[in-house]
Each structure stands twice: as C-alpha cells, then as structure tokens.
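Novice: Take this structure, written in structure tokens, and hold onto it; I'll ask about it next.
Number of protein chains: 4
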Amino acid sequence: MTLNELKEQVCHANLELVKYQLVTLTWGNVSGIDRERGLVAIKPSGVSYDIMRPEHIVVIDLDGKRVEGTLNPSSDTPTHLALYKAFEKIGGITHTHSEHAVMFAQAGREIPCFGTTHADHFYGAIPLTRYLTEQEVEEDYEGNTGTVIIERFAGINPLEMPAVLVAGHAPFAWGKTPEDSVKNSLVLEKVAQMALGTLQLRPENPPLPAYVLQKHYLRKHGPNAYYGQK
Amino acid sequence: MTLNELKEQVCHANLELVKYQLVTLTWGNVSGIDRERGLVAIKPSGVSYDIMRPEHIVVIDLDGKRVEGTLNPSSDTPTHLALYKAFEKIGGITHTHSEHAVMFAQAGREIPCFGTTHADHFYGAIPLTRYLTEQEVEEDYEGNTGTVIIERFAGINPLEMPAVLVAGHAPFAWGKTPEDSVKNSLVLEKVAQMALGTLQLRPENPPLPAYVLQKHYLRKHGPNAYYGQK
Amino acid sequence: MTLNELKEQVCHANLELVKYQLVTLTWGNVSGIDRERGLVAIKPSGVSYDIMRPEHIVVIDLDGKRVEGTLNPSSDTPTHLALYKAFEKIGGITHTHSEHAVMFAQAGREIPCFGTTHADHFYGAIPLTRYLTEQEVEEDYEGNTGTVIIERFAGINPLEMPAVLVAGHAPFAWGKTPEDSVKNSLVLEKVAQMALGTLQLRPENPPLPAYVLQKHYLRKHGPNAYYGQK
Amino acid sequence: MTLNELKEQVCHANLELVKYQLVTLTWGNVSGIDRERGLVAIKPSGVSYDIMRPEHIVVIDLDGKRVEGTLNPSSDTPTHLALYKAFEKIGGITHTHSEHAVMFAQAGREIPCFGTTHADHFYGAIPLTRYLTEQEVEEDYEGNTGTVIIERFAGINPLEMPAVLVAGHAPFAWGKTPEDSVKNSLVLEKVAQMALGTLQLRPENPPLPAYVLQKHYLRKHGPNAYYGQK
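Put into structure tokens, the structure is as follows:
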C-alpha cells in the first residue's frame, strides 16, 4: 500500500462518519497506520467534512512529526499515537462523540453485554477508563488520554474489545483498518442505544449468559468463524 | 411463480429493510419460500446491501442444501428453515436487529398490546422465547433458535401473531410473502418504540381492553375485514 | 373552490404527512370539507402514499355516500364525518399514529401544557377521551370514536384546541383547512415528544403559568394577534 | 461588510437551521448585527424556510425601527435587540425550539456540564432564567424575555457562555457571527440530548471535574487555543 492509498482510505473512512451519522460539525476523526513505514495518516483539525479530500489528510511519524501535508493534524493525535504504540495489531482508530456512547461515558458506566448484537462485535462489556488526574490533564492531556486507555486494557486483547469509553469524554474504537474502526464505532453507538433502552425497561438487567456471548463472538471472529463469505 | 421471480422478490424485500431503516450494516435478512418446489431463497451472508442484486440471492432446499447461487446463505438460515417447516402457511421470514424490538428482547420482556397500532397487526402481546441452554447453543445454535421459537408458539397461530422476540437476541417476523414479513418487522419496531414510551409515562400500564384488540385485529384480518381495497 | 381543487388540497395534505414523517406505511389520513356543498374529500383506504394522486381521493356526502371516486374511503371516515357535523367551523381533519402522541394516548395521559411551543398552538392540555365501551365498539366503532371525542369536547372550543388523543388509540387533529390540520398534527407530535422528555427530567413538572399560556396563544390566534404577516 | 452581505449571512444562517434539523415549521430565527451602523438584520415573522431569500431579511435599528424590507420582523425581535444592547461583543443570535433544549427549559433545569462535548463550547452549566412575572408578560413580553436573560447573566461572560434556557420557553444562543450562533444552537441541542441520557443512566450524575472543563474550554477558546487551523 502506498502512502497515497492510505490517505485515500483515511479520507474515505472519515467521510463514512458522516454517512453513518456519527459526527456533528467536526467532532470526530479517523486515522490509519502504515506499520512498515511507521507512518500515521490522520484527519486535519477542525476541517469541515463537506470539503475534505485525500490531500487534506496529514501524515505524521510515531513521534508526531509531520511528514506530509500543510494542515495541523487532529488535536487528538497524541491519543491515536499512544494507542498505535501500545496496540501493535490495530491498523485504524476512530474517535467520535456519538450520542449514546457519550451518555455512558458521561454517566461513568460501562456498557454491559445485554445481547447478541453486542456479542457479535465486542467480547464482553465495553470498558470505561478512569478520569485523568488534574496533573495528567495539565501535563499532556491528549497523550494521557491514551495512557488511561492503555492502563484500562491491561489483560484485555484490543482486537477482541475494539472500543473504550473515556470517562466524562467519549468513545474511541479501532480495528484492523481505518474502515473497520469506523464500523466498530457505529456498532458501539447502536449497542449503547439499545443498552440504554434495555436499562429503561429493566434497570437491573443481567448480562447475556457467557455461553451465548462466546458463541456469537466466535461465530464471527474465532478461527472457525462461519459468518460472511470466506 | 418462477424461481427467478422468487429471487427478485426476496432481493427487493431485503432492500426494503434499508428503506425502512431496519438494518445497520448487514444485520438482517429476508427469505421467501416456494412451497410447491420446497425451495427457499435467502440473502447471502455478510453481503452489503449497497451492491445486492437478485443473482446474489441463494436458493436452498428445506434440508439446507444449496440449489442455486455461489455465495454462502445467511448464517441464520437454519432458523428460517425450522420456521418454514413448523409454520406451514407462512411464505416469508425477516430477521432484524431493529433497535426498539431488541431492547425488549434484551430486557426479557414481551411487548404488551397497549394500543390499536399493535392490535391492527398482532393479536395480543408479542411473545418472548426462553434463552437457549448451553447445550442447545453448542449443538446447533441457529437451528435451536428455531426450536425455542416453535416451542413458544405452542397453541399460537403464527399468522395471527407474525413476530417473536428471541431472548437476549432480536426479533423474527413472518408473513404470507417476503414483503409481508418486512412490513411486520417494521410494525413491530414501531410498536416496540411506542410501548417503551408508554411504559416511561406509566410503568404499570394495563393492556388494551380485549374487545378493542379483537375489533381492530378483525377489521383488518378477519373474514369480514373491511380495511383497504378488496 | 371547485371539488377538484379540494381533492388536490386533500391529496397534497396527505402527502405532507410523509414529508413531516408523521406516517408509517398507510397509517394516517387527511380529509377536507366543502361546507357549501356538504361534501367531504378523503384519502382512500390502504393506498400507498408513493402512488397517491388527486384522482384517488374519494368524495362523499355527510351521510357517507360516495359521490366521486371508485376506491373505498378511509375506514376512519365515520369519525371524520362525526367531527365535521359537530365542529362546524373546521375545514380539515388529520388522523395519524405519530409515535409520541400515541405514547400518551396509550398511557391514558393528557399532554399538559409545559411550554410556549405548546401554548402557541393549543390553548391548554391536549384532551384525552375515555375508552369506548364494548357496546360502542361492536355497534359502530368508527362512528363512536367520533362520539367520544365530541363528548370530551363539551365546553371546549375546537378551534382553540385543535387536537385530541383517543384513549388506547391515537390522535386526531383539525384546523381551518386540510393543510392546517396536518400542521396541527405535526405540532402535536413535537409537543408530545418534548413533554415526554420534560416528564423524564421532572416527573411532577407543573404546567406553564396560565398568564404565559394566554399570552402565547393570543399573540398567534387572538383578535390582536401580531405573529406572522397580516 | 455591506448591509447586503449581512442580509446574505443572516439568510444563510437561517437556512442552516433547516440543514441541522433545529426547526419545525417556522419556529426559529437568526439575526446578525452591524455594530458600526447600529443595524440588525433578522428573519421575517412566519415566512417559510422553503422560499426564504436574502431580500426577505428585514433590517431594523436598535430601537426596532424598520430600515429595509417590507415584511414584519420576527416577533422575537425585541429579545434580540435587548441582547445586542447588553452583550456588546456578540454579532449574531439564534432562537430555536430544538427538542432537547426545550425539555430542560420546560422542566426548569439547567444543563450541567457532564462531559467534554459540553466543555468544548460552554464554560459551565447552561443557565436557566426565571419565569417572567405576569406584569412583565403583559407589559412587554418579548422585551422582558431579554430582561430576564440579561438579569441571569449578571457576572457571566456571554462569550464564554453563549446560550441560555428561558424557563418554560426555549433556548437562545449567540456568537461572534450569525453562523456562530447557529453552531452554538446545534451544540446546545446535542449537549441537551446527551445530558438527558446521562441523567437516565445516573440520576445524580456529578458534573465534569472543573480541571477537565477548564482544559477543554481553553484548548478551543483561550489565548493559547490549539484546536483547528490558525
């Protein structure tokens, strides 16, 4: 894959956020990584989706140094870089402020796995980070947002749980490609919406039995997956 | 009806899921049956609605053997087949993860008949299945999803109650044709949305009086139905 | 106004139900009356909005006898006729199953006037009818739906309160023209949506002070109205 | 900037209300001010957005005297004028009845700052005015709506808090330009929607820690802002 192809992929994935109604104004950004070159392509900061084209996408190295493009990269870039360094198998990251996922992040609640829609994509409850401390906010806010996510994922496989809620903030999702990370953001939003309604119908709703979670997750993602066309 | 016509009907019905906003990504599938030939046409697994055409539709016999088409049929095919075998008068089946119906399925609650919108289409509360046991999940997950639906419908006429909620999962709906089953899925989603709001306004809301349910159902479906153009 | 003009108005108003997202499938109907001729134009029963044209609109007299058109009129026609006879100054009627208005109708709750959006269009809480009795349902269901509305409006000016909730069923709204009645249906739906959210934030929310209700209603509708272009 | 340019800006901003789904029918209006000339351009009263063009925009002076245009200005004009006089640095004002913001206004609750989406745009909880008294309503309803907003903003910088909820009524938002005020209305509506869901998940939810609020607000708005392209 050339760098131009990566920029096209990342631009396309950013525009899919609009198609799936996952963004308001310019809230949201998608990035992708070229692991061989160690380069990350990411949305520029505060640019309208109406005019976004591949040439606007900014390319940086893993230290955040700009390699291609004239615009500033997304202000959330340090979070993306921290995640790419810690989660070595992911290829794309999406950050949104999608409404229902934000509700859970703001309420400081994980999203329990209540059904098979959830289980098809996330292997358990969607984790919630702690709040950043005042010192973490002052010293390196966006970098430390990555830190608290990584801390929360101790012992969790990020490919089996491709999303997180940052407390008081919003979700991040990831995947094997930029497009995958957008799809996981979309599924997360739907799962959050359904979980809210489920809790309204039954506030103490129990999670899905573990054996159903396992079955659904593995029929789509395990070595013997049989969903889709292989 | 030729097999090609059935495939066109089933393709069209699958695309109506998109029109009615009943699906996210590829979650959802519609099938139709040719009772004389004993053949079922169904959506292929994991294919995008953006590119779906009649030639993608897979044709199988009632044992699940592929008769036409090169793609894998929907992974939910064994559930469809079980329902066609048990409910001999239905001609089409739709499975979705529509949001409000899923909320009730996840909360383990039936949808009571609170009003005439419901009564016009479903003759009583929308039934909820039990969870599958661990053994049922391991041995034949999709087939046994059919089993628990059929078990729940003991004594219920599936044409008078053309929908069900599978606990922890999502709805299935059916009808005389594939298109009918899509319409019943749409009505189910609207009825679920209205029931959620009704319960928020009045948690112990009583069901519609039986005589109103009966009147509304029968003015559309009974032998003396007088709704629409005859 | 010619009868053809009335049919065009009624057809246009029915299609506005779709534009304003007030209908699902064929649930909903608008009628208009020519008071001089004593003739009512109304949507045909069960015809898709996708193909509806003025020539499909059915014309009947106030006894329900068809004067023009070959299709069956809406099955709710007897309700429309009862309202035209009782409310002599209204010129159009709309019936929908719009979601939030139905939630209140199903929960058996009036919609209190919580704010100026409501007060701009409805002079007080939206009234709720009683349920029809079993005998009323059996003898003349649609006609008696009109009867319970009229009974509820004893002492209420239907032009100051151009909507009602029928218990366990759905709203009817009306106005000086068919188009007016559609607008009132739309406002009712928005007001219902906002009232639901208001009650979620504050279950015992008090109504708007009477002097604000009066001011808002009269600035749009009283003899000294100063809203809009006169 | 010529007066024609201001009218074009104000017309465009009014049409953005439609694009962002912030208005129903004609509920809502945007104005802009030319501070040098002391002239305000504002939407005409009750004119449909479908046909609105720059030549419909009405120009008035700060006493409300019409300087250009033949239509009546919005009936909310006295509120706009009062705010322009009191908040000397704002350049545009938007009034809507957007659903979720209205829910809080009707419930008489401020919108707490629960997350960074809120903190990015509003420096603390969205203030709520008191109700107008009966005398205030009778003497000068729209002017006194401005009065209670200004009274509530004693000690608050309107550029740091560019929105308010008028009790029992609806929101007003403002900004440096008409377009800015529309964006703040949109953000307010999203923030209100998310806050409602947050409170449903956790009724006693605490506000965002002050140091996170400060960080987020200042990274977009302070002298050292680093969001977007500078």
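Protein chains in written order, with the UniProt record's numbering: chain A, 1 to 230; chain B, 1 to 230; chain C, 1 to 230; chain D, 1 to 230. Cβ coordinates follow ideal geometry from the N, Cα and C atoms, glycine included. Since this is a predicted model, take the numbers as computed values, not measurements.
Any chance you could list the alpha helix (DSSP H) runs of at least 4 consecutive residues sitting entirely within the stretch 101-162 of chain D, in chain order?
Specialist: Here the runs fully enclosed are 116-119, 134-152.
Novice: Shortest alpha-carbon distance to A:P78 belongs to which of A:V148, A:R35, A:Q106, A:T129?
Specialist: The candidate whose alpha carbon is nearest that of A:P78 is A:V148.
Novice: Counting along the chain, where does the alpha helix (DSSP H) carrying C:A219 start and finish?
Specialist: It is worth fixing the name first, because residue 219 of chain C is Arg in this sequence and not Ala. C:R219 -> alpha helix (DSSP H) spans 210-221.
Novice: Among all the DSSP beta bridges, which residues are the ones paired with A:A173?
Specialist: Per DSSP, A:T94, A:A163.
Novice: If we cut at 8 Å on Cβ distances, does A:E99 have a partner in chain D?
Specialist: Closer than 8 Å to some Cβ of chain D, the Cβ of A:E99 qualifies, so yes.
Novice: Could you compute how far the alpha carbon of D:E136 sits from the alpha carbon of A:H97?
Specialist: Cα to Cα, D:E136 sits roughly 41 Å from A:H97.
Novice: Starting from C:G32, follow its DSSP beta bridges and name the residues at the other end.
Specialist: DSSP, once it has assigned bridges, lists C:A41, C:G92 as partnering C:G32.
Novice: Below 9 Å between beta carbons is the criterion; list the residues of the stretch 100-127 of chain C that meet it against any residue of chain B, in chain order.
Specialist: The stretch 100-127 of chain C vs chain B, Cβ under 9 Å: H100, V102, M103, F104, A105, Q106, A107, G108, R109.
Novice: Pull up the distance between the alpha-carbon of B:E36 and that of B:T2, whole angstroms please.
Specialist: So the alpha carbons of these two residues sit roughly 11 Å apart.
Novice: Quick check: the Cα distance between A:L15 and B:V18, rounded to an integer number of angstroms?
Specialist: Distance between the alpha carbons of A:L15 and B:V18 is about 20 Å.
Novice: Near B:L213, what residues of its chain come up, given a Cβ to Cβ distance below 6 Å and the 5 sequence neighbours on each side ignored?
Specialist: Cβ within range, chain order: C113, A119.
Novice: Which residues in the same chain as C:V191 place their Cβ atom closer than 8 Å to its Cβ, once the five residues preceding and following it in sequence are excluded?
Specialist: For C:V191, where only same-chain residues beyond five positions count, the Cβ hits under 8 Å are I111, T117, H118, H121, F122, I126.
Novice: Mind pulling the chain D residues with CB within less than 8 Å of C:K215?
Specialist: Per Cβ cutoff of 8 Å: V137, E138, Y141.
Novice: Would you check if the stretch 82-95 of chain B and the stretch 87-107 of chain A touch, i.e. whether three or more CB-CB distances between them fall below 8 Å?
Specialist: The stretch 87-107 of chain A is not in contact with the stretch 82-95 of chain B.
Novice: Does the distance from the C-beta atom of B:M194 to that of C:Q106 stay below 8 Å?
Specialist: The answer is yes: Cβ separation under 8 Å.
Novice: Would DSSP call C:E55 helix, strand or coil?
Specialist: Correct three-state label for C:E55: helix.
Novice: Less than 6 Å between C-beta atoms, sequence neighbours within five positions excluded: which residues of the same chain meet that for A:T129?
Specialist: Contacts found: V148, I149, R152, V166, A167.
Novice: Using a Cβ-Cβ distance under 8 Å, would A:G228 count as near chain B?
Specialist: It does: the Cβ of A:G228 has a partner Cβ on chain B nearer than 8 Å.
Novice: Decide if C:A210 is buried, meaning its Cβ has at least 16 other Cβ atoms within 10 Å, or exposed.
Specialist: Exposed, since its Cβ has fewer than 16 Cβ neighbours within 10 Å.
Novice: Given B:H80, which residues of its chain have a CB within under 7 Å of its CB, disregarding the five upstream and five downstream residues?
Specialist: Correct list, in chain order: S31, V40, I42, I93.
Novice: Can you tell me which of the three DSSP states A:A180 falls into?
Specialist: Looking at the sequence itself, residue 180 of chain A is Asp, so the reference to Ala does not match. Of the three classes helix, strand and coil, the one that applies to A:D180 here is helix, per DSSP.
Novice: Would you mind working out which of A:E138, A:A13, A:G28 sits nearest A:K183, comparing C-alpha positions?
Specialist: Nearest C-alpha to A:K183: A:A13.
Novice: Measure the C-alpha to C-alpha separation of A:K7 and A:P44 and round it to an integer number of angstroms.
Specialist: Near 12 Å, if we compare the C-alpha coordinates of A:P44 and A:K7.
Novice: For B:S75, collect the residues of the same chain with a Cβ closer than 7 Å to its Cβ; drop the 5 residues on either side in sequence, then sort them by chain order.
Specialist: Here the set comprises S45, E142.
Novice: By the three-class DSSP mapping on this structure, what secondary structure does C:L204 have?
Specialist: It should be pointed out that residue 204 of chain C corresponds to Glu in this sequence rather than to Leu. Residue state, collapsed to three classes: coil.
Novice: Find the residues of chain D that neighbour A:L196, judging by a C-beta separation of less than 9 Å, and give them in chain order.
Specialist: Ordered by position in chain D, the residues that pass the 9 Å Cβ test against A:L196 are G197, Q200, L201.
Novice: Anything in chain C within Cβ reach of D:E134, meaning under 7 Å, just list it in chain order.
Specialist: The answer, in chain order, is Y211.
Novice: Going by other Cβ atoms of all chains shown within 10 Å of its Cβ, with 16 needed for buried, is B:N29 buried or exposed?
Specialist: Result: buried.
Novice: Note the first and the last residue of the continuous alpha helix (DSSP H) segment covering C:V18.
Specialist: Start and end: 3-19.
Novice: Nearest to A:I60 by CA position, among A:G155, A:G38, A:Y49, A:V47, is which residue?
Specialist: Taking only the C-alpha atoms, the option nearest A:I60 is A:G38.
Novice: Can you tell me where the beta strand (DSSP E) holding C:V47 begins and where it ends?
Specialist: Counting along the chain, C:V47 falls outside any beta strand (DSSP E), and DSSP gives it neither H nor E.
Novice: So A:V47 and A:T26 are supposed to be a Cβ contact under 8 Å. How far apart are they, rounded?
Specialist: Confirmed, Cβ separation roughly 7 Å.
Novice: Could you name the residues that DSSP lists as bridge partners for C:E68?
Specialist: Answer is C:V59.
Novice: Is any beta-carbon of chain E found at less than 8 Å from that of D:W174?
Specialist: Of the chains in the structure shown, none is chain E; the protein chains are A, B, C and D.
Novice: Would you kindly work out how many angstroms separate the C-alpha atoms of A:P54 and A:V10, rounded to a whole number?
Specialist: Between A:P54 and A:V10, the C-alpha separation is close to 8 Å.
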